[in-house]
Ligand code: SF4
């Protein structure tokens, strides 16, 4: 780690004070901050893993109306939980949150330390530290991508890390040294807020940064180049999905319960489920999306429903004709709800 007069680790007290004053002035008024409880903190932390605040906000409000506390969530059926998560992606978070509520309902007391939290479903080191510090005042420092970025820049650390996990590990001690142990939740939230709104990935807003006087990278002049973390090579994936409408029904694939991801959700079927080769049909959509390091192109092909196809669907088990009128009642994975809405407007029964 670079040593510098600007290194905030040498000036932890004024650093904490200035960060806290900025946070008191500038923090966004978010529903889990304006009305705090352990449950609201837990739900917000789960939703904010891999999802931006502005995307999570409407989901958070809807979730709180339907599942206002741990007991309500624990008692809810799995389908209702998934349905309320639909569109947020990374559904294992919803499943884990549900299991967490059930585990808490069975405990004599809620966990109070990161070591206790981390034993429960869906809780990793970051979430354990966030929940116990923000909701319970436990002095644990959070370290995620945002915090790594801030600490690497503040300390002018130019090392190259093999991946996010290595970088998170490297800055654990620095985060703990900087933590305001009297107000750990406020301090952690302020660090996260700084990373989300000021110390941005590509273009940090150093001119308005409340801790610029402690920052080695800003003094040197190239803060955007830090931290240096090797990224996985991008993988290109191409798939063809089928669009088959018949008698007011749509053909969908139900992902088996045994699947490690998206179990029980519906999607437009991959053509390999019905044919060895891509069948004849009309391209009605080409969709592109990125999931972690993968760039996926999905071509949607409208095909006629033949008697042979009907027989194959019946034999496949995982394929189902769903009444178009009933589509709102099922959970569609990822962007499939949007695609289905679009295509229903632009196509008719084949
Ligand atoms: Fe980040 Fe710039 Fe603030 Fe340094 S001065 S912490 S680089 S925003």
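In the working numbering, the protein residues as written are 1478 to 1827. Glycine is no exception: its CB is placed at the ideal position from the N, C-alpha and C atoms.
Which listed residue (the options) has its alpha carbon closest to that of residue i
i: residue 1542; options: 1573, 1508, 1523; result: 1508
i: residue 1745; options: 1799, 1578, 1706, 1635; result: 1799
i: residue 1510; options: 1486, 1537, 1491, 1527; result: 1537
i: residue 1819; options: 1485, 1780, 1720; result: 1720
i: residue 1540; options: 1529, 1620, 1557, 1710; result: 1557
i: residue 1603; options: 1564, 1674, 1525; result: 1525
i: residue 1766; options: 1789, 1811, 1493; result: 1811
i: residue 1530; options: 1674, 1725, 1795; result: 1674
Residue i and residue j closer than 9 Å at C-beta
i: residue 1575; j: residue 1606; result: no
i: residue 1612; j: residue 1514; result: yes
i: residue 1728; j: residue 1797; result: yes
i: residue 1578; j: residue 1544; result: yes
i: residue 1488; j: residue 1691; result: yes
i: residue 1661; j: residue 1615; result: yes
i: residue 1664; j: residue 1493; result: yes
i: residue 1620; j: residue 1704; result: no
i: residue 1672; j: residue 1706; result: no
Nearest-angstrom beta carbon gap, residue j and residue i [assumed within contact, 8 Å]
i: residue 1618; j: residue 1632; result: Not really, about 15 Å apart at Cβ, beyond 8 Å.
i: residue 1778; j: residue 1760; result: 6 Å
i: residue 1630; j: residue 1676; result: 6 Å
Span of the alpha helix (DSSP H), counted from its first residue to its last, around residue i
i: residue 1789; result: 1784 to 1793
i: residue 1813; result: 1813 to 1823
i: residue 1767; result: Premise fails: residue 1767 lies in the beta strand (DSSP E), 1759 to 1768, not in any alpha helix (DSSP H).
i: residue 1531; result: 1530 to 1543
i: residue 1579; result: 1569 to 1583
i: residue 1645; result: 1641 to 1647
i: residue 1517; result: 1515 to 1525
i: residue 1561; result: 1555 to 1562
i: residue 1604; result: 1602 to 1613
i: residue 1627; result: 1622 to 1632
Buried/exposed call for residue i, threshold 16 Cβ in 10 Å
i: residue 1770; result: exposed
i: residue 1518; result: buried
i: residue 1742; result: buried
i: residue 1715; result: exposed
i: residue 1421; result: It is not possible to answer for residue 1421, since the shown part of the chain is limited to 1478 through 1827.
i: residue 1755; result: exposed
i: residue 1731; result: buried
i: residue 1655; result: buried
i: residue 1535; result: exposed
Segment limits, beta strand (DSSP E) that includes residue i
i: residue 1771; result: 1771 to 1779
i: residue 1797; result: 1796 to 1800
i: residue 1726; result: 1726 to 1731
i: residue 1712; result: 1712 to 1720
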